[in-house]
Amino acid sequence: MKIFIFVRQGCCLCDSLKNKLAKINLNELFPNLEELKEIDIDRIDLYKDKYKKYDYEVPVIAVEGNRYEEIIELPRISPRLKDDQLKNWFQKNINTILKK
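Numbering that gives the first Met the number 0 puts the first residue of the sequence shown at 0, with every later residue one more than the last.
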(Lines of atoms letter the chains of each structure in order from A; the text may use other names.)
(Lines give C-alpha, C1' and ligand atoms only; values in the text may rest on other atoms or scores of the structure.)
Protein backbone atom coordinates (compact mmCIF):
# COMPACT_ATOMS: atom_id res chain seq x y z
CA MET A 0 0.00 0.00 0.00
CA LYS A 1 1.19 3.49 -0.83
CA ILE A 2 -0.06 6.56 1.00
CA PHE A 3 0.24 9.95 -0.67
CA ILE A 4 0.16 13.38 0.95
CA PHE A 5 -0.42 16.24 -1.47
CA VAL A 6 1.13 19.43 -0.10
CA ARG A 7 2.27 22.92 -1.04
CA GLN A 8 5.55 24.31 0.21
CA GLY A 9 5.00 27.06 2.80
CA CYS A 10 1.48 25.86 3.68
CA CYS A 11 1.11 25.92 7.48
CA LEU A 12 -1.62 23.22 7.42
CA CYS A 13 0.60 20.97 5.29
CA ASP A 14 3.60 21.48 7.55
CA SER A 15 1.52 20.76 10.64
CA LEU A 16 0.15 17.52 9.17
CA LYS A 17 3.61 16.39 8.04
CA ASN A 18 4.96 16.96 11.56
CA LYS A 19 2.09 14.96 13.07
CA LEU A 20 2.59 12.13 10.56
CA ALA A 21 6.28 11.97 11.46
CA LYS A 22 5.27 11.15 15.06
CA ILE A 23 3.04 8.23 14.05
CA ASN A 24 4.40 4.79 13.25
CA LEU A 25 2.30 4.06 10.17
CA ASN A 26 3.96 0.65 9.75
CA GLU A 27 2.35 -0.32 13.06
CA LEU A 28 -1.08 0.46 11.60
CA PHE A 29 -0.39 -0.89 8.12
CA PRO A 30 2.25 -3.63 8.04
CA ASN A 31 2.03 -3.71 4.24
CA LEU A 32 2.84 0.00 3.88
CA GLU A 33 5.30 0.39 1.02
CA GLU A 34 5.82 4.11 1.30
CA LEU A 35 4.45 7.47 2.37
CA LYS A 36 5.02 9.72 -0.62
CA GLU A 37 4.90 13.48 -0.33
CA ILE A 38 3.87 15.28 -3.52
CA ASP A 39 4.38 19.03 -3.86
CA ILE A 40 1.56 20.06 -6.20
CA ASP A 41 3.43 23.19 -7.28
CA ARG A 42 6.30 21.26 -8.90
CA ILE A 43 5.68 22.38 -12.45
CA ASP A 44 8.10 19.85 -13.89
CA LEU A 45 6.26 16.90 -12.38
CA TYR A 46 2.83 17.58 -10.96
CA LYS A 47 1.36 20.97 -11.94
CA ASP A 48 -1.18 19.67 -14.46
CA LYS A 49 -1.80 16.22 -13.02
CA TYR A 50 -2.77 17.38 -9.53
CA LYS A 51 -4.21 20.83 -10.31
CA LYS A 52 -7.50 19.76 -8.69
CA TYR A 53 -5.79 19.88 -5.27
CA ASP A 54 -4.78 23.52 -5.72
CA TYR A 55 -7.02 24.88 -2.95
CA GLU A 56 -7.51 21.67 -0.97
CA VAL A 57 -4.05 20.83 0.39
CA PRO A 58 -3.16 18.95 2.46
CA VAL A 59 -4.84 15.91 0.93
CA ILE A 60 -4.21 12.30 1.98
CA ALA A 61 -4.83 9.53 -0.54
CA VAL A 62 -4.02 5.84 -1.00
CA GLU A 63 -3.18 3.81 -4.05
CA GLY A 64 -6.18 1.82 -5.24
CA ASN A 65 -6.34 -1.73 -6.53
CA ARG A 66 -6.34 -0.67 -10.17
CA TYR A 67 -3.12 0.66 -11.65
CA GLU A 68 -2.58 4.36 -10.88
CA GLU A 69 -5.95 4.70 -9.15
CA ILE A 70 -5.72 7.20 -6.30
CA ILE A 71 -8.45 7.20 -3.65
CA GLU A 72 -8.75 10.39 -1.63
CA LEU A 73 -9.47 10.13 2.07
CA PRO A 74 -11.82 12.58 3.82
CA ARG A 75 -10.39 15.91 4.91
CA ILE A 76 -8.37 15.84 8.11
CA SER A 77 -9.17 18.30 10.84
CA PRO A 78 -6.04 20.31 11.73
CA ARG A 79 -7.08 19.98 15.39
CA LEU A 80 -6.49 16.21 15.55
CA LYS A 81 -3.78 15.21 18.01
CA ASP A 82 -1.42 12.23 17.60
CA ASP A 83 -3.71 9.45 18.87
CA GLN A 84 -6.73 10.96 17.16
CA LEU A 85 -4.85 11.13 13.86
CA LYS A 86 -3.77 7.53 14.26
CA ASN A 87 -7.39 6.48 14.87
CA TRP A 88 -8.54 8.58 11.91
CA PHE A 89 -6.06 6.75 9.66
CA GLN A 90 -7.08 3.33 10.91
CA LYS A 91 -10.78 4.03 10.40
CA ASN A 92 -10.48 5.55 6.94
CA ILE A 93 -7.95 3.10 5.54
CA ASN A 94 -10.03 0.16 6.78
CA THR A 95 -13.10 1.65 5.08
CA ILE A 96 -11.16 1.91 1.79
CA LEU A 97 -9.80 -1.64 2.06
CA LYS A 98 -13.27 -3.11 2.60
CA LYS A 99 -14.51 -1.75 -0.75
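Note that CB positions come from ideal geometry on N, CA and C, so glycine has one too.
Rounded straight-line distance, which links the Cα of Y50 to that of K17: When rounded, the distance between both Cα atoms is 19 Å.
Beta-carbon proximity of P100 to F5, cut-off 8 Å: Residue 100 lies beyond the range of the chain shown here (0 to 99); nothing can be said about it.
DSSP-derived helix/strand/coil call for I93: In this structure, I93 counts as helix in the three-state DSSP scheme.
Which listed residue (K19, E69, C11 and E63) has its alpha carbon closest to that of L32: Considering only alpha carbons, the answer is E63.
Boundaries of the beta strand (DSSP E) in which D41 is found, first to last residue: According to the DSSP assignment, D41 belongs to no beta strand (DSSP E), since it is labelled neither H nor E.
For E72, the first and last residue of its enclosing beta strand (DSSP E): Taken as a continuous stretch (DSSP letters only), the beta strand (DSSP E) holding E72 covers I70 to E72.
C-beta atoms of I2 and I76 nearer than 8 Å: In terms of Cβ geometry, I2 and I76 do not form a close pair [threshold 8 Å].
Best match in D54, L80, I70 and M0 for proximity to Q8 [C-alpha to C-alpha]: With respect to the C-alpha of Q8, the residue from D54, L80, I70 and M0 having the closest C-alpha is D54.
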